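Trainee: As given, the protein sequences belong to chains G and Y, one line each in that order. Sequential numbering of the first sequence, starting at 49, is according to the numbering used here. Sequential numbering of the second sequence, starting at 815, is according to the numbering used here. Built from N, CA and C at the ideal position, the CB exists for glycine as well. A quick note: this is a predicted structure, and the numbers were derived from the prediction, not measured. Pasting a structure below so you can have a look.
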Amino acid sequence: MSHRQTGSPTRDADTHHQAYRLIGGAGDAAFAAGLVNAVWYKCPVPRAVMKALMQRSDAAALRDTFIWYGLIVGSGGLAWLAWRANSAWAIPAFFLYGTLYCSPADARWHECGHGTAFKTRWLNDFVYQLASFQVFRRATVWRWSHARHHTDTLIVGRDPEIAVRRPTDWAALLLNVVALKHVANELRKMIGAAFGNIGAEEETFVPESEWPKVKREARITLLIYGVVILACAASNSILPLLFIGLPSLYGAWLYLYFGLTQHAGLPENVLDHRKNCRTIEMNPVFRFLYWNMNYHVEHHMFPMVPFHALARLHETVKHDMPPPYGSTLAAYAEIIPALIRQTRDPSFHVVRPVPKAP
Amino acid sequence: MTQWIDAGAFDDIEEEDVVRFDHAGRTYAIYRVEGEVYASDGLCTHEHAHLCDGFVMGHVIECPKHNGRFDLRDGRALCAPVCENLTTYPAKVEAGRILIEV
Numbered sequence: 049m050s051h052r053q054t055g056s057p058t059r060d061a062d063t064h065h066q067a068y069r070l071i072g073g074a075g076d077a078a079f080a081a082g083l084v085n086a087v088w089y090k091c092p093v094p095r096a097v098m099k100a101l102m103q104r105s106d107a108a109a110l111r112d113t114f115i116w117y118g119l120i121v122g123s124g125g126l127a128w129l130a131w132r133a134n135s136a137w138a139i140p141a142f143f144l145y146g147t148l149y150c151s152p153a154d155a156r157w158h159e160c161g162h163g164t165a166f167k168t169r170w171l172n173d174f175v176y177q178l179a180s181f182q183v184f185r186r187a188t189v190w191r192w193s194h195a196r197h198h199t200d201t202l203i204v205g206r207d208p209e210i211a212v213r214r215p216t217d218w219a220a221l222l223l224n225v226v227a228l229k230h231v232a233n234e235l236r237k238m239i240g241a242a243f244g245n246i247g248a249e250e251e252t253f254v255p256e257s258e259w260p261k262v263k264r265e266a267r268i269t270l271l272i273y274g275v276v277i278l279a280c281a282a283s284n285s286i287l288p289l290l291f292i293g294l295p296s297l298y299g300a301w302l303y304l305y306f307g308l309t310q311h312a313g314l315p316e317n318v319l320d321h322r323k324n325c326r327t328i329e330m331n332p333v334f335r336f337l338y339w340n341m342n343y344h345v346e347h348h349m350f351p352m353v354p355f356h357a358l359a360r361l362h363e364t365v366k367h368d369m370p371p372p373y374g375s376t377l378a379a380y381a382e383i384i385p386a387l388i389r390q391t392r393d394p395s396f397h398v399v400r401p402v403p404k405a406p
Numbered sequence: 815m816t817q818w819i820d821a822g823a824f825d826d827i828e829e830e831d832v833v834r835f836d837h838a839g840r841t842y843a844i845y846r847v848e849g850e851v852y853a854s855d856g857l858c859t860h861e862h863a864h865l866c867d868g869f870v871m872g873h874v875i876e877c878p879k880h881n882g883r884f885d886l887r888d889g890r891a892l893c894a895p896v897c898e899n900l901t902t903y904p905a906k907v908e909a910g911r912i913l914i915e916v
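Below, the structure written as structure tokens:
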């Protein structure tokens, strides 16, 4: 089902994209419209049921983390052997290694950032830092940007994590298949942060007490990359960068594939996660790599429920949710035409069949 | 001037849980952990969210909105995105009733 908003004249792309800025964008208008830090719809869930769903455990996350790093080390070993043998198999081996290194890190960054993946707090923080490095994000900045994303999901001028802005910027999307736009932007800001410039927009959502941490993390991250580049120079080989650094680019395609399903094509400036998030049925391999973030409506509505309980939460609230998409491809069958339409008509958006209140 | 006020029956709170209590235009969170009762402001110090919808883990209350955590005994902010401590209040149980000093 789709919908074209009325009374919203089409403007040029630049004007539209300016609205997304956190400074000088549409944030003030959103505030005036009561969309900022607003009350969002929540499906009714009995307290006892919710308490059971919120229970934390280290077991599932430890198991998955060991499997994940085991796969990274295993695929990295294969890639190294193929490289040493001058075999063309090095190409698919590095592709597998890079994909495992980078794309599941997006979901680990996300879940550990919420502090729900592990029961033990330091494990969340530790994996959060590792995953942030692997997916090339300023850890503390993105922790706070994600808090804003949850407060003001897809509120234009407030949410710093709107992945697809209108009208659709296809060049940006294509560049981000290998994270080029993302990494170029992050690297520039990381260098700035290392010299004490947190960034004007970042200063609007990261509290000043956190700025020293932002600087320290930027310096440590850049130091690590400096060592890797020195190792390349010393060994006269690109191999060190193929293992650390470049996977954040060539392994990013899968997290983009998963991540675009979350909100792309759905309406902005609505206060109901059932309207602006997608829940998708995924196969067990995808669910492992994506840490169950396919239950995205449920996650946004109840961010305290850990990844390993999201399937149970879905069963609990599905009667009050739009039907889930049957597969990732089924979601893309809606997303791609929607983004094509939004290229020329930024007011267009998909309308989800939200159950009526009893 | 503070006063002790009745905040409900102790048995109405499950072990390791939190309930909301409103009084004189303010909202409070009342906790029961290991047989003891604790009280704090009812709203998170980060953004507008009722802590009664949060999750109690031992002596920690996690906010339902952004997963910020406080030590419910003294209100210390424990992790981002909460930076500001939570105000807590003396609480006790007498004859099965919860009393908080506000």
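Let me know if G:V183 comes out buried or exposed under the rule of 16 or more other beta-carbons within 10 Å of its beta-carbon.
Mentor: Answer is buried; the Cβ neighbour count reaches 16.
Trainee: Give the secondary structure of Y:R883 by DSSP, where H, G and I count as helix, E and B as strand, and everything else as coil.
Mentor: Note: Y:R883 maps to strand in three-state DSSP.
Trainee: Is Y:A891 helix, strand or coil when you go by DSSP?
Mentor: Strand.
Trainee: Quick check for students: name the residue ranges of the beta strand (DSSP E) that lie wholly in the segment 234 to 263 of chain G, counting only runs of 3 or more.
Mentor: Listed in chain order, there is nothing to give.
Trainee: If you run the structure through DSSP and keep just helix, strand and coil, what is Y:A905?
Mentor: Three-state result, Y:A905: strand.
Trainee: Within the 8 angstroms Cβ cut-off, does Y:F869 reach chain G?
Mentor: Yes, contact with chain G.
Trainee: Closer than 9 angstroms by beta-carbon distance: list the chain Y residues that pair up with G:W192, in chain order.
Mentor: Those are A894, P895, listed as they occur along chain Y.
Trainee: Just how far apart, CA to CA, sit Y:Q817 and Y:M871?
Mentor: Taking the straight line from one Cα to the other gives about 29 angstroms.
Trainee: Leaving out the 5 sequence neighbours to the left and right, which residues in its chain are closer than 8 angstroms to G:S50 when beta-carbon positions are compared?
Mentor: Because the pLDDT of G:S50 is 47, which lies under 50, any placement of that residue in the model is unreliable, and the number read from its coordinates should be weighed accordingly. Here the set comprises A386, R389, F396, H397, V398, V399.
Trainee: Does the beta-carbon of G:S257 have 16 or more other beta-carbons within 10 angstroms, so that it is buried, or is it exposed?
Mentor: That one is exposed.
Trainee: Check G:M102 in the structure and name its three-state DSSP category.
Mentor: G:M102 falls in the helix class under three-state DSSP.
Trainee: Is G:F184 helix, strand or coil when you go by DSSP?
Mentor: In the structure shown, G:F184 sits in coil (DSSP, three-state: anything other than H, G, I, E or B).
Trainee: Spatial neighbours of G:F355 within its chain, please: C-beta separation below 6 angstroms, excluding the five flanking residues on both sides.
Mentor: Excluding positions up to five away in sequence, the list reads E159, W339, N340.
Trainee: At a CB-CB cut-off below 8 angstroms, which residues of chain Y make contact with G:H198?
Mentor: Within chain Y, the residues near G:H198 are K879, H880.
Trainee: What residues from the segment 158 to 171 of chain G come within 9 angstroms of chain Y, judged by C-beta to C-beta, listed N to C?
Mentor: Listed in sequence order: G161, H162, G163, T164, K167, R169.
Trainee: Based on Cα-Cα distance, which residue from G:I203, G:A165, G:G205, G:I210 lies nearest to G:F336?
Mentor: Of the listed residues, the one whose Cα sits closest to G:F336 is G:A165.
Trainee: Identify which residue in G:H362, G:A179, G:Y68, G:P403 has its Cα closest to the Cα of G:S151.
Mentor: Taking only the C-alpha atoms, the option nearest G:S151 is G:A179.
Trainee: Could you tell me whether the Cβ of Y:H925 comes closer than 8 angstroms to any Cβ of chain G?
Mentor: Any question about residue 925 of chain Y goes unanswered here, given that chain Y covers just 815 to 916.
Trainee: Which runs of the beta strand (DSSP E) at least 3 residues long sit entirely within the segment 841 to 886 of chain Y? Give them in chain order.
Mentor: With a minimum length of 3 residues, the continuous beta strand (DSSP E) runs that stay inside the segment 841 to 886 of chain Y are 850 to 855, 869 to 871, 874 to 876, 883 to 885.
Trainee: Quick one: what does DSSP say G:F396 is sitting in, helix, strand or coil?
Mentor: It is a strand residue.
Trainee: According to the neighbour-count rule (16 or more other Cβ atoms, all chains shown, within 10 Å of its Cβ), is Y:F869 buried or exposed?
Mentor: Counting Cβ neighbours within 10 Å, Y:F869 comes out buried, since at least 16 surround it.
Trainee: Taking 8 angstroms as the cut-off, decide whether the C-beta atoms of Y:C877 and G:P255 are in contact.
Mentor: Not in contact: Y:C877 and G:P255 (Cβ atoms no closer than 8 angstroms).
Trainee: What does the Cβ neighbour count give for G:S296, buried or exposed, with the cut at 16 atoms within 10 Å?
Mentor: That one is buried.
Trainee: Measure the alpha-carbon distance for G:E382 versus Y:P895 and round it to whole angstroms.
Mentor: G:E382 and Y:P895: Cα-Cα distance of roughly 35 angstroms.
Trainee: Are any of the Cβ atoms in chain Y nearer than 8 angstroms to that of G:A195?
Mentor: Closer than 8 angstroms to some Cβ of chain Y, the Cβ of G:A195 qualifies, so yes.
Trainee: Do you know whose CA, among G:H367, G:V275, G:R392, lies nearest G:P288's CA?
Mentor: Closest by alpha carbon: G:V275.
Trainee: So Y:D831 contacts chain G; which residues on that side make the cut at Cβ distance below 9 angstroms?
Mentor: Within 9 angstroms Cβ-Cβ: R95, K99.
Trainee: What's the gap between the Cα of G:A127 and the Cα of G:A61?
Mentor: Approximately 43 angstroms, taken between the alpha carbons.
Trainee: Opposite Y:E915 in the DSSP bridges: which residues?
Mentor: Note: Y:E915 sits in a beta bridge opposite Y:W818.
Trainee: To test your reading of the DSSP string, which unbroken alpha helix (DSSP H) runs of 4 or more residues are found completely within the segment 152 to 185 of chain G?
Mentor: Correct list: 169 to 182.
Trainee: From G:G205 to G:L129, what does the alpha carbon distance come to, in whole angstroms?
Mentor: Their Cα atoms are separated by approximately 49 angstroms.
Trainee: Are the segment 73 to 84 of chain G and the segment 301 to 319 of chain G touching, with three or more C-beta to C-beta distances below 8 angstroms?
Mentor: In short, these stretches touch, since the Cβ pair count reaches three.
Trainee: DSSP three-state call for G:I277: helix, strand or coil?
Mentor: Of the three classes helix, strand and coil, the one that applies to G:I277 here is helix, per DSSP.
Trainee: Indicate whether G:G299 and G:Y149 have their beta-carbon atoms separated by less than 8 angstroms.
Mentor: Against a cut-off of 8 angstroms, the Cβ pair of G:Y149 and G:G299 comes out as a contact.
Trainee: Which whole-angstrom value is the C-beta distance of G:R185 and G:W157, which I expect to be below 8 angstroms?
Mentor: So it is a contact: roughly 6 angstroms between Cβ atoms.
Trainee: Pull up the DSSP beta-bridge partners for Y:R834, would you.
Mentor: Bridge partners of Y:R834: Y:A843.
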